[in-house]
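Throughout, the numbering used here is defined as the position within the sequence shown, counted from one, plus 175.
Positions of the beta carbon are idealized from the N, C-alpha and C atoms, including for glycine.
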Amino acid sequence: MRFALLGAVEARVSGQLVELGHARQQCVLAVLLVEANRPVSIDQLTERVWGGRPPARARDTLYGYVSHLRRVCAELDGAVIRRRSGGYVIDVDPAAVDLHRFRELVTQARAAEDGERAHELFDEALGLWRGEPFANLDTYWLNGVREAVLGERRSAELDYYDLELRQGNHAELLPTLSMRARTYPLDERVAGQLMLALYRCGRQAEALDHYQKLRAHLVSDLGADPSPELRDLQGRILRSDAGLVNAGDRAGAARPGAGFPAPRQLPPGTRHFIGRSADLERLNSVLRGRTEPVQTVVITAIDGVGGVGKTALALHWAAQLRTEFPDGILHVNLRGYDPDGPPLAPAEVLENFLRALNVPPEKIPPGLDAQAGLYRSLLDGRRVLVVLDNAKSADQVTPLLPGSPTCLVLITSRNRMSKLAIREGIHRVTLDVLPDADALALLGHIIGTGVIQADPEAAADVVRFCGRLPLALRIVAEGMCTRPSTTLADLAVELAAEKSRLDLLDTGDDESTAVRTVFSWSYRVLAPEAARVFRLLGLHAGGTVSLPAAAAMTGLPEGRVGRIVRTLTNVHLIEETAPDRYEFHDLLRLYAYERAFEEETAADRAAAVHRMLTWYKLSAAAADRLLIPQRLSVVGGSSPDVRPLDFTGYDQALEWCEKERANLVAVTRQAFDWREYETAWQVPAAMWNFFYLRKHWADQLAVYTTGLEAARRSQDVLGEGWCLGSLGYAYWDFGSHERAMGYFEQAMATCELIGQRISEEIAEFGRCIVRMGIGLVCASQGRFDEAVEQHQAALEIALKTGDRWTEGAVLGGLGEAFAGLRRYEQAVSWYERALVVRRQIDDRWGQAWMLHDLGEVNCVLENFGAAVEYYKMALDLRRAIGDRQGEARTWDSMGDAARQAGSLTTARDHWNHALAIFDDLHDPQAGEVSRKIDELSIEL
176 MRFALLGAVE ARVSGQLVEL GHARQQCVLA VLLVEANRPV SIDQLTERVW GGRPPARARD
236 TLYGYVSHLR RVCAELDGAV IRRRSGGYVI DVDPAAVDLH RFRELVTQAR AAEDGERAHE
296 LFDEALGLWR GEPFANLDTY WLNGVREAVL GERRSAELDY YDLELRQGNH AELLPTLSMR
356 ARTYPLDERV AGQLMLALYR CGRQAEALDH YQKLRAHLVS DLGADPSPEL RDLQGRILRS
416 DAGLVNAGDR AGAARPGAGF PAPRQLPPGT RHFIGRSADL ERLNSVLRGR TEPVQTVVIT
476 AIDGVGGVGK TALALHWAAQ LRTEFPDGIL HVNLRGYDPD GPPLAPAEVL ENFLRALNVP
536 PEKIPPGLDA QAGLYRSLLD GRRVLVVLDN AKSADQVTPL LPGSPTCLVL ITSRNRMSKL
596 AIREGIHRVT LDVLPDADAL ALLGHIIGTG VIQADPEAAA DVVRFCGRLP LALRIVAEGM
656 CTRPSTTLAD LAVELAAEKS RLDLLDTGDD ESTAVRTVFS WSYRVLAPEA ARVFRLLGLH
716 AGGTVSLPAA AAMTGLPEGR VGRIVRTLTN VHLIEETAPD RYEFHDLLRL YAYERAFEEE
776 TAADRAAAVH RMLTWYKLSA AAADRLLIPQ RLSVVGGSSP DVRPLDFTGY DQALEWCEKE
836 RANLVAVTRQ AFDWREYETA WQVPAAMWNF FYLRKHWADQ LAVYTTGLEA ARRSQDVLGE
896 GWCLGSLGYA YWDFGSHERA MGYFEQAMAT CELIGQRISE EIAEFGRCIV RMGIGLVCAS
956 QGRFDEAVEQ HQAALEIALK TGDRWTEGAV LGGLGEAFAG LRRYEQAVSW YERALVVRRQ
1016 IDDRWGQAWM LHDLGEVNCV LENFGAAVEY YKMALDLRRA IGDRQGEART WDSMGDAARQ
1076 AGSLTTARDH WNHALAIFDD LHDPQAGEVS RKIDELSIEL
């Protein structure tokens, strides 16, 4: 068992990751692990997890988090979270927590008398680091701890560098010290280490030059001279003091060949470079890997969408490498996606490179192969960095690759360079948009941090509307600088309008730097069919799109669409987030949407959206019929234009609904916006069974409300009645009984209109469903006599219409009402009748509900053995069908039964299971279960 804090917060058992829950829950674990074996009070935990802005029920929420983490620790078998002194403590072996292990190893390394042993200890300590501590968490307290721990690492690294220098490893250490000196330009200890390494590598002039630069910085920034120790080192280097040469090194490093030209073609980098620490570390790891024996040139490729900052990162990193490549830096913009002309030909680039390498024009041979041969010969054995910016393809790049392993090639491209990766082997760094914190920092760097701090909410909105794309952020920031009267709030309001957002991301004076133009460079090179697919996918309202949905939308065969979409991913116009599932960057989606409205006819747009909406509706209906097949469905039909999914069984249908849930919510809204009103209420209707199993109340309320408005707009009384009833059930299930009753009363009135306009048979079916809902609300409010009356009226209708599913549901409702009246024998009779019906129609969901309720009654009657047996049967069924809220309720009831029977440890375990699920569902019952666990913990 291992806990990891030096990077993203993780826990592993036998090398396998353990699920730790969401970020806030991980914060709780991180705080306890930082204070391992020391109690942390509830108030301290609350402050450290939420800062000065805790939620309204912080203690209840905290109880829930700790309860979940206790279960995790129980599985890990090596850590226990205990309640102690008004707070919590995690009892764990410090060696199992990488932070504490790191500290112990560093202490041992510093005390070690044997150099090799110290080296091993430092290596192990620093090898524990995977990135910034708590990298996936952001709280005020953890941010402070992060800075302190990073300081401990820096101190350990400096001690390690001293050890390396003592052991004569200055040549291997030099690249690392050079980067460290650039990162901490005023750190005199680093400066001294670098000067000593340079001197021992035979680079005395560079060592002295570094001293002079440091001195100038200290004088200008701090008004101070270097320390006496550093001045003494400079003097010894000036005198070529023999004592500075380490006994383990007599040869030093090879010097550059005399007379060899050292071109320095690197252009200036961006003035506002922010963040990218993880990406820089990945690039640095490539550089560190060059200290190992390599046989071929090392190639690194940075790819990503246009405007994400590929060139900025490449230039920033390359600028840090000047001392690592004393024989020169070659740079070229290959114009792979230039709007003003074709990409540069390799022969043209080679000619310019050869001239930079001091080859006279008359000595440059004709022909690409001959030029490439001379180029490789000149670079053989030389330490040269070659930066190939904005490459279009592997074929353009290949002739420009040196053959010597002493060189490093850095490529940037919107293309993934898969062909080059297969042929040559590359280290790939794919850039994503900036994290929120870095995006805000970039914005603040240009417009001033004070502006950000004055209105942090508006700043966050601006970052979100820019999609955290560096180019977009720079454009809006520079625009604000030219419009001093514009506030961040003004800008956020302007950007909120999607139709004009790309217009705002235009610099005005330089079209080539406008976001729209940058995207167009990738778009205009697409084949016509690929461009059409790109445009039409921009009309998809959801966050991700599956291959079958894309096929439906474009009207193309799925295999053909798959090939086209792979082409789009290769140039980063769309990203694959999971197998056969794709996603746009927000601004690219707007660009694709804009292209669709510019280049597709209104009829073609409408047809594509109609195909997509119909596919989702019919696929959802197919899934719905498998989830609770006994329940009557109001969605049916087919379409000659699309092929909806054909599910193989219950599990596949449930998995699809969960995976497509966000899209189905978005599609409902899109159907309303495109005035496909019938689809706007029928998609929610096709999700009813799924929602009843998995809850997702916010999504339920959203789609039912949209469906209701759509039905009313189109005067569809059947859709209106269905949505009103569904809202009633959703609010009842969530515990909002007054609102539920209001919707049920409206639904009952709508049934009268259905009888008048459509059919009395359908109206009667609706009345049955609504009366059952009213009965459930009455029972929840303690009005059990009224509940019995409503359910009996509903049962009469169900028996008359022959609707067995509703019959079983109403019989169960009668059992609940009689249990509320404490007429338990009658309750058991109704429940058993309901269970018979549910079994006759093979309704597993209904069987589980009745078994649970029979367990409840037996628990009240203190027949605990019988109650547990009923609960276990209910639990097995609910797990099998994926009824997660039902599973949580059964665990909760089993906990109550165990508590009543005096089995406290069993009760706690059952409640912990319930709490984990309620937490995951954001169910308000989580607070009550947390309270019961906390009270029980005191007794235990």
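In this structure, does DSSP put residue i in helix, strand or coil?
| i | result |
| --- | --- |
| residue 1028 | helix |
| residue 262 | strand |
| residue 719 | strand |
| residue 565 | strand |
| residue 622 | helix |
| residue 939 | helix |
| residue 1038 | coil |
| residue 753 | strand |
| residue 821 | coil |
| residue 474 | strand |
| residue 729 | helix |
| residue 587 | strand |
| residue 447 | coil |
| residue 758 | strand |
| residue 1104 | helix |
| residue 534 | coil |
| residue 500 | coil |
| residue 483 | coil |
| residue 605 | strand |
| residue 643 | coil |
| residue 1112 | helix |
| residue 702 | coil |
| residue 1064 | helix |
| residue 592 | coil |
| residue 925 | helix |
| residue 1075 | helix |
| residue 613 | helix |
Count the other CB atoms, across all protein chains shown, that sit within 10 Å of the CB of residue i; report buried if there are 16 or more and exposed otherwise.
| i | result |
| --- | --- |
| residue 982 | buried |
| residue 477 | buried |
| residue 645 | buried |
| residue 309 | buried |
| residue 192 | exposed |
| residue 923 | buried |
| residue 656 | exposed |
| residue 978 | buried |
| residue 1065 | buried |
| residue 472 | buried |
| residue 829 | buried |
| residue 394 | exposed |
| residue 660 | exposed |
| residue 802 | buried |
| residue 252 | exposed |
| residue 772 | exposed |
Report back the beta-carbon spacing between residue i and residue j to the nearest angstrom; my notes put them in contact at under 8 Å.
| i | j | result |
| --- | --- | --- |
| residue 441 | residue 504 | 5 Å |
| residue 1055 | residue 1019 | 7 Å |
| residue 566 | residue 509 | 5 Å |
| residue 992 | residue 963 | 5 Å |
| residue 711 | residue 798 | Rounded, the Cβ-Cβ distance is 24 Å, inconsistent with contact. |
| residue 836 | residue 871 | 7 Å |
| residue 938 | residue 950 | With 8 Å as the limit, residue 938 and residue 950 do not qualify as a contact, their Cβ atoms being about 19 Å apart. |
By DSSP's criteria, residue i is part of a beta bridge. Which residues make up the other side?
| i | result |
| --- | --- |
| residue 508 | 564 |
| residue 919 | Residue 919 is not bridged to any residue. |
| residue 177 | 187 |
| residue 439 | 504 |
For chain C, check one thing: does any of its Cβ atoms lie closer than 8 Å to the Cβ of residue i?
| i | result |
| --- | --- |
| residue 1057 | Here chain C cannot be found, since the structure has a single protein chain. |
Next on the checklist: Just to confirm the assignment: which complete alpha helix (DSSP H) runs, minimum length 4, are found wholly within the region 180-241?
Outcome noted: Segments of the alpha helix (DSSP H) lying fully in the region 180-241: 198-209, 217-225.
Checklist entry - Can you give, in chain order, each stretch of the beta strand (DSSP E) that sits fully within the region 870-898 and has at least 3 residues? => result Restricting attention to beta strand (DSSP E) runs no shorter than 3 residues, the region 870-898 encloses none.
Item to check | 3 or more residues per run - each beta strand (DSSP E) lying fully within the region 250-335 | outcome: Runs of the beta strand (DSSP E) inside the region 250-335: 254-259, 262-267.
Item to check | Minimum length 4: unbroken alpha helix (DSSP H) runs contained in the region 329-388 | outcome: Those alpha helix (DSSP H) runs which fall completely within the region 329-388 and span 4+ residues are 345-358, 363-375.
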